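Inspection log for the structure reproduced underneath, given as structure tokens.
Residue numbers (UniProt numbering): 1 to 181.
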């Protein structure tokens, strides 16, 4: 069972499959609207901000935002390696979520536009990251294919050996002084 991401909510794939055939495409409408509306909003913001601060300053801010995004994406690799070598002092799930937020923030900053740059900068704020992690965790269900039990017992036998045995003469140890050399 997977998840379908829409702008308004997370819904299960089987929820969309249970809809009548003529309503199944509606789950994807918010994402389609996002791809149409986002460029229009960014263009409107370019015009509004560009008329206030000037074209050169507007373009400079967009280029700086992209440079910051590239720096964040490059730094994420080094940060992940450093945390892994340092013993990973944070919970693995939080580590992965923080990394995902940093990558998403870097991608938003690389995209040209003031709205995406603002979203990218917001994703770098730790309290907001924690709030988003809690919101996603509250809507996410984890299914496991194996349910581990504490009472699993693995039976077996063991044998204590003195040292390495000679494969050609299993009754004699390799370091046996009586062994011919």
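In this text, a Cβ means the ideal position worked out from N, Cα and C, and glycines have one as well. Note that the coordinates shown come from a computational prediction; the quantities given were computed from them, not determined experimentally.
Counting of Cβ neighbours within 10 angstroms places residue 131 among the exposed residues, the total staying below 16. Residue state for residue 112 is assigned as coil, using DSSP reduced to three classes. Sixteen is the threshold: since fewer than 16 other Cβ atoms of the shown chains lie within 10 Å of the Cβ of residue 157, the residue is exposed. For residue 105 against residue 123, the beta-carbon gap comes to about 4 Å, under 8 Å, which counts as contact.
Residue 49 is positioned such that its CB atom lies closer than 9 Å to that of residue 114. Within the same chain, 108 come within 6 Å of residue 116 by CB-CB distance, once the 5 residues on both sides are set aside. Within the same chain, 106 come within 6 Å of residue 73 by CB-CB distance, once the 5 residues on both sides are set aside. Between residue 58 and residue 46, the beta carbon gap of about 7 Å places them in contact (Cβ cut-off 8 Å).
Boundaries of the alpha helix (DSSP H) harbouring residue 32: 29-53, taken from the DSSP string. The beta carbons of residue 112 and residue 54 sit no closer together than 9 Å.
In this chain, residue 124 is not harboured by any alpha helix (DSSP H), its DSSP state being neither H nor E.
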